[in-house]
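According to our numbering, the sequence shown holds residues 260 to 402 in order.
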Amino acid sequence: MKKVSRKKTGDSGTVISPVLRGLFRSFAKLAERAAENRPLLRGLRIAYDPGAERFVVAHAGSYVEFVLAIPGDCVPPLGEIECRPMSTAGATEESTIARFRFNEAGIITESTVPELAGQNIDVDAAAWSVVAAVCWLNMHARA
């Protein structure tokens with residue numbers, strides 16, 4: 260069995276496994292490709308934050324921040340992605356649109372959007388489903 264290195268996050272000292280970090284980055288890349296051949300997501304753009312485990316989706320005039328967090332109470336470790344709306348000025352709002360946890364296989368085990376449970380964030384169709392659901396929730400929350 261090979262040793263897995265871990266990196267600490269800045270604030271809480273919580274450890275992020277390379278597997279969870281890799282899955283999150285893969286999810287971000289798949290999310291960026293979500294607009295290809297999907298008219299409902301035409302114009303979707305992704306901006307990465309190189310200093311943190313987060314990216315921002317811009318679509319139809321709304322902005323959503325996807326942030327990777329590691330809850331300290333999970334054994335085995337789970338990744339948690341929080342989706343929060345952002346203002347057009349780039350300020351993240353306090354409210355959460357959606358939150359979901361995934362395991363080291365990329366399977367969503369818990370979600371505030373029930374339809375997302377059981378999806379694999381490392382698969383193109385599932386990444387599209389997650390991005391579309393969160394963008395839809397954000398647009399309807401603002402209406």
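Backbone N, C-alpha and C define an ideal beta-carbon position, used for all residues, glycine too.
Taking the beta strand (DSSP E) that residue i falls in, what are its first and last residues?
i           : result
residue 342 : 338-345
residue 366 : No beta strand (DSSP E) holds residue 366; DSSP gives it neither H nor E.
Does residue i get closer than 8 angstroms to chain B when you measure Cβ to Cβ?
i           : result
residue 307 : This model lacks chain B altogether; it includes just one protein chain.
Starting from residue i, follow the alpha helix (DSSP H) in both directions and report where the run begins and ends.
i           : result
residue 290 : 277-291
residue 388 : 383-401
Going by DSSP, which residues form a beta bridge with residue i?
i           : result
residue 316 : 305 and 323
residue 370 : 359
residue 328 : 339
residue 379 : 366
Would residue i and residue j be called neighbours here (beta carbons separated by less than 8 angstroms)?
i           : j           : result
residue 313 : residue 326 : yes
residue 278 : residue 363 : yes
residue 302 : residue 319 : yes
residue 400 : residue 290 : no
residue 398 : residue 276 : no
Since residue i contacts residue j with CB under 8 angstroms, what's their CB separation in whole angstroms?
i           : j           : result
residue 329 : residue 335 : Between residue 335 and residue 329 the Cβ distance is about 12 angstroms, and since that is not below 8 angstroms, they are no contact.
residue 293 : residue 390 : 5 angstroms
residue 381 : residue 285 : 5 angstroms
Decide if the segment 345-362 is in contact with the segment 389-396; the criterion is three or more beta carbon pairs, one per stretch, under 8 angstroms apart.
yes
Three or more C-beta pairs closer than 8 angstroms, one from the segment 297-307 and one from the segment 358-369: is that the case here?
no
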